[in-house]
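J.: Pasting a structure below so you can have a look.
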Amino acid sequence: MAIGRRDVPAPATPDAGGGLLARPAWTKGLGSWLTTVDHKRLGILYILTSFTFMGLASIEAFIIRLQLAAPGMELVSPDVYNQLFTMHGVTMIFLAIMPLGTGFANYFVPLMIGARDLAFPRLNAFGYWVYAFGGLFVYSSFFLGGAPDVGWFAYAPLTSLSNNPGNGTDFYMIGLLIGGIGSLVTAMNLIVTIFSMRAPGMTMMRMPVFVWMILVTSFLIVFAFPPLTIALTQIVFDRTFGTLFYVPEAGGLPILWQHLFWIFGHPEVYIVILPAFGVISEVIPTFSRKPIFGYPVMILSGIFIGFMGFAVWSHHMFTTGLGPVANTAFALTSFVIGVPTGVKIFNWLGTMWGGSVRFTTSMLYAMAFLFMFVIGGITGIMLAMPPFTAQATDSYFVVAHFHYVMGGGALFAFFAGVYYWFPKLTGKLLPERFGQWTFAAMFIGFNMIFMPQHFAGLMGMPRRTQTYEAGIGLEIWNLVSTAGTFVMGTALFMLLFSVIYAFRNGTPAGNDPWDARTLEWAATSPPQHHNFDEQPIVTDRDAFWAQKYPEASHGDDGSQWEGMDFDAHGIHMPGQSWYPFLLATSIFIAGYGLLFENWPLSILMLVVLVGATYGWAFEGVGGHHVHPDDGAEAAGD
Amino acid sequence: MAADAPTQAAGTVPAHGWRSSSLPDMKLMMWIFLASDIMFFGTLIGTYLIYKGRSLTGPYPQDVLDIPLTTVSTFVLLMSSFLMVIALDALKRNDVAKFRLWTFGVAFFGAIFLGFQVYEFNHFVDLGLTLQGNLFGTTFYVLTGTHGVHVAIGVLWLLSIVVASYVRPWTSKDATNLEVAGLYWHFVDVVWIVIFTLVYLVDFIPGAGG
Ligand code: HEM
Ligand SMILES: [Cu+2]
């Protein structure tokens, strides 16, 4: 069973496609990127865009930390400080970490399940563009009258027009609405892809753990984003059309916002962390040379976490006076959710146990993830106790907790993913030795920043306040914390430098530099346009490993697939299209129309939107066929 | 792409590649979308119910809601779902003329429902119920308005299908396309039953709510 490993320039024969705008066929240059529907290109766009936003959020964090380096600093005013921490939080959560997971999913889910692309390639492109435009929309607020300054949770009635007359809140609300469309459609697309495009023989219980975690995440998005969308719309309506949803004087209930927000907001934490779990579950087995320990338990605990994610939202609201019964109930459900998470930790440790562990940079990040995620988990259990939260809420203890989870957890997992998958993305290896120095700086920097915040928090340092008093013991913790940002900042630059360096001069990686286990490593590095020359056939969990080491296989012999012609017509690849970009642009501009209450512009964009939808619908299937066998001789096994 | 992927019999592969699900992608997509849409409507209905009875000024539901009128429009919408079933059946039997007729019928009934809603909204505004006037107005118009937008999109969609079937003659092979639109339409119908019950009827059943 050869898995496509032949390097053949693919002769493309475009199908005749109808429609107003002819299907573009560029393969290079700007046009090809604007009209691409290739999941690999979109994955790269996602990853680059999210890292760009992460850079912006890091600059914001850096300024915040400088302001807090010593008591009584006057680097930024309280107003600007509010904008900085709001934008930092919004950016990290919605524009950096979450889309980074989507980027990896986009690139690797089809490769890992042996598919050519996602189920709906144009929808995938559309999802990327609305995400990018949503982020751009939020950031344009800096130039159009001031950034949002209400925190990433934007509690009502802080956001009412009378409390917050500027445009900042509208930028936040409308920008997230635009970007949210992208998250929703991409999640739906991934679900369909995972259900219907798995390679022959890849049953659900043979899917890589990463794919499973993306599946659970996608379901979380499908169910958690609607409440947020409605809540955001309610605020936009209150501010634009004068509705009364969150107007207390008319009977409106600001607490409703908190419920709707956290019904979304807690699952959102898992939307961020489950893909990270998935990455770790690929990295640790590969570098331990062992299959993941307790695969079914790993999957079930992931599903359980996803499920429970919807049952704990009120642990963010212990101090809002829900009453002891509700508080107890939500404290208990929050403890319960710690169980499957702990199970996962032990499964990862069990995978390393007795394996021949290779301490690559990627593996170091994965192990740091385990360490810091456990710290974040422990403080999480502490915060799930209402009496403790009553003391610690709105203090730096909380800041330390969620940064250990989100930064030390999700972010470090994704760095592990970057080192792990960079060779597949580019065909080049990231420098290992330099990578280990980078890792050391990153790890030390991160812990220098956030470990002291636990202590500052317990001593009563409030969050979201731009300064603190001298002489109550907070100076030293804050100074260390700020010093840490220099270390971690240096590390980020080192990472950036190694990526650029490796991209230009890196050692060629080959198809399978880590002796890895899953199907993406069976493709070329970088994978060809059509991923695999032949439809891969799966006989095992860890499909690629079983092919390389048949003696390790526990699966079937694949005989039921014999003699089937999977690509009878040649490989059918989807064609490029203008419509996703056009549709996203119209939504983006319509956002400004709504924000500035410019109704002619809004209506014009609505017309463009409807037109583009029809163009899209009648553009036809399109695409082209690829025939890797033309003039190629078979290589490999 | 591959919206029409046929069911995979063991040992055969459709022309455009292997699929691991026998459910066509478009249909699966629609089910997932509807699952998500349940959350959208759930949130809107939840908001309505939580704010019920919290308006500080009138008009209140009992002052404006006209049960007999809305019962008629609800009936029209229900009938349209019935037509949808017949239309799909006709297409599956390759009876293109009937398929067009009944599909147009569904859209037409949907349009009548929308007409009722426009009339109702106008009438309510005359009675003093506005989007900005009280919480009842705010939640009522946003909830039923969102439903109306769903109906309007459905009407456009079905009319587009009728037109498309003239541009390129449809056959039973295209049934999945109509089926997907049908799923959407039935869903919108079911949601209306829930809204009609919770918003309109509950107040008028003795002893239930108030
Ligand atoms: C590694 C460098 C980072 C530094 C130095 C940093 C620093 C900070 C600081 C100082 C605050 C303000 C706390 C306050 O005044 O209340 C903050 C808030 C926040 N950060 Fe970070 N952060 C970093 C990374 C991250 C990451 C990776 C994430 C998420 C995935 C994140 C998410 C947040 C959120 C959600 C808030 C709360 C914003 C709000 O209260 O509205 N941060 N961060
Ligand atoms: Cu939570």
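Top line first, the protein sequences correspond to chains A and B. All letters in the first sequence, in the order written, are residues 1 to 637 by the numbering used here. All letters in the second sequence, in the order written, are residues 1001 to 1210 by the numbering used here. For glycine and all other residues, C-beta sits at the position ideal for the given N, C-alpha and C.
List the residues of chain B that A/Gly252 touches, going by C-beta distances under 9 Å, in chain order.
T.: Correct list: Tyr1051, Arg1054, Leu1135, Thr1138.
J.: Measuring CA to CA, which of B/Val1191, B/Phe1136, B/Ala1175 is closest to B/Leu1049?
T.: Answer by Cα proximity: B/Phe1136.
J.: Thinking C-alpha only, which one of A/Gly570, A/Tyr131, A/Trp578, A/Val269 is nearest A/Pro410?
T.: Checking the sequence shown, residue 410 of chain A turns out to be Ala, not Pro. With distances taken between Cα atoms, A/Ala410 lies closest to A/Val269.
J.: For the beta strand (DSSP E) holding B/Val1194, just list the boundary residues, first then last.
T.: Per DSSP, B/Val1194 belongs to no beta strand (DSSP E); it is in the alpha helix (DSSP H), 1175 to 1195.
J.: Does A/Ala568 come within less than 8 Å of chain B when only Cβ atoms are used?
T.: Taking Cβ atoms only, chain B reaches closer than 8 Å to A/Ala568, which makes this a yes.
J.: At which residues does the alpha helix (DSSP H) containing A/Met112 begin and terminate?
T.: Segment 98 to 112, the alpha helix (DSSP H) holding A/Met112.
J.: From A/Asn511 to A/Phe422, what distance separates their C-alpha atoms?
T.: One C-alpha to the other measures close to 12 Å.
J.: Is A/Val269 a contact residue of ligand 3, with contact defined as CB to any heavy atom under 7 Å?
T.: Among the ligands modelled here, namely ligand 1 and ligand 2, ligand 3 does not occur.
J.: Suppose contacts are defined by Cβ-Cβ distances below 8 Å. Is A/Leu601 in contact with A/Ile587 by that definition?
T.: Not closer than 8 Å, so no.
J.: With three or more beta-carbon pairs closer than 8 Å as the criterion, would you say the segment 340 to 355 of chain A touches the segment 288 to 307 of chain A?
T.: Enough Cβ pairs lie closer than 8 Å, so yes.
J.: Take A/Asp557 and list the residues in its own chain whose beta-carbon comes closer than 8 Å to its own, dropping the five residues that flank it on each side.
T.: Thr539.
J.: Less than 7 Å between C-beta atoms, sequence neighbours within five positions excluded: which residues of the same chain meet that for A/Leu42?
T.: These residues qualify, in order along the chain: Thr36, Asn106, Asn124, Ala125, Tyr128.
J.: Measuring only the C-alpha atoms, how far is A/Pro628 from A/Thr524?
T.: Distance between the alpha carbons of A/Pro628 and A/Thr524 is about 13 Å.
J.: Based on DSSP bridge pairs, tell me the residues matched to A/Gln528.
T.: Paired residues: A/Asn531.
J.: Step through the CB atoms of chain A and report whether any lies within less than 8 Å of the CB of B/Asp1025.
T.: Yes, contact with chain A.
J.: Closer than 7 Å, Cβ to any Cβ of chain B: which residues of the segment 24 to 40 of chain A, in chain order?
T.: Result list empty, no residue passes.
J.: Determine, using beta carbons only, whether B/Thr1043 comes closer than 8 Å to chain A.
T.: Yes, B/Thr1043 counts as interfacial toward chain A.
J.: I'd like the list of long-range same chain contacts for A/Ala311, defined as Cβ closer than 7 Å, with 5 residues on each side in sequence excluded.
T.: Taken in chain order, the residues that qualify are Thr333.
J.: In chain A, what lies closer than 9 Å to B/Ser1021 by C-beta?
T.: Chain A residues near B/Ser1021: Val192, Phe195, Ser196, Met197, Arg198.
J.: Name the residue from A/Met461, A/Pro452, A/Asn327 whose alpha carbon lies nearest to the alpha carbon of A/Gly484.
T.: Of the listed residues, the one whose Cα sits closest to A/Gly484 is A/Pro452.
J.: Can you pull the chain D residues whose beta carbon is under 9 Å from the beta carbon of A/Gln535, in chain order?
T.: In the displayed structure, chain D is absent; the protein chains listed are A and B.
J.: For A/Gln391, count neighbouring C-beta atoms within 10 Å of its own C-beta (all shown protein chains included) and say buried if the count is 16 or more, exposed if not.
T.: Classification for A/Gln391: exposed.
J.: So which of A/Lys28, A/Ser58, A/Leu45, A/Ile271 has the shortest CA-CA distance to A/Ala491?
T.: Minimum Cα distance to A/Ala491 is reached at A/Ser58.
J.: Relative to ligand 2, is the shortest distance from any of its heavy atoms to the C-beta of A/Val130 smaller than 7 Å?
T.: It does not: the Cβ of A/Val130 is nowhere closer than 7 Å to a heavy atom of ligand 2.
J.: Taking 7 Å as the cut-off, is the CB of A/His259 close to at least one heavy atom of ligand 2?
T.: Answer for A/His259: no, Cβ out of range of ligand 2.
J.: Ignore the nearest five residues each way along the sequence and tell me which others in B/Phe1187's own chain have a CB closer than 8 Å to its CB.
T.: Within the same chain, B/Phe1187 has close Cβ partners Leu1034, Asp1037.
J.: Cβ of B/Leu1143 within 8 Å of Cβ of B/Ile1067?
T.: No, these two residues do not count as a Cβ contact at 8 Å.
J.: What are the boundary residues of the alpha helix (DSSP H) that A/His266 is part of?
T.: From DSSP, the alpha helix (DSSP H) with A/His266 extends over 254 to 288.
J.: Can we count A/Pro399 as close to ligand 2, meaning its CB is less than 7 Å from some heavy atom?
T.: As written in the sequence, residue 399 of chain A is Val, which differs from the Pro given in the question. No - ligand 2 has no heavy atom lying nearer than 7 Å to the Cβ of A/Val399.
J.: For A/Leu75, which residues in the same chain have their Cβ closer than 6 Å to its Cβ, ignoring the five residues on either side in sequence?
T.: Cβ neighbours of A/Leu75 beyond the five flanking positions: Leu66, Gln67.
J.: For A/Lys428, which residues does DSSP report across the bridge?
T.: A/Lys428 pairs with A/Pro508.
J.: So with Cβ pairs under 8 Å, would you call B/Gln1062 a contact of chain A?
T.: With 8 Å as the cut-off, B/Gln1062 does not count as an interface residue toward chain A.
J.: Name the residue from A/Thr613, A/Thr320, A/Glu597 whose alpha carbon lies nearest to the alpha carbon of A/Thr667.
T.: Because residue 667 of chain A is not part of the residues shown, which for chain A are 1 to 637, the question remains open.
J.: I need the straight-line Cα distance from A/Pro11 to A/Val626, nearest angstrom please.
T.: Summary for A/Pro11: the model assigns pLDDT 38, below 50, so the residue's position carries little reliability; its value from the coordinates is reported in the next sentence. Between A/Pro11 and A/Val626, the C-alpha separation is close to 6 Å.
J.: What do you reckon, are the CB atoms on B/Met1084 and B/Gly1182 nearer than 8 Å?
T.: Their beta carbons are under 8 Å apart, which means B/Met1084 touches B/Gly1182 by this criterion.
J.: Once DSSP output is grouped into helix, strand and coil, what is the label at B/Ser1036?
T.: It is helical.
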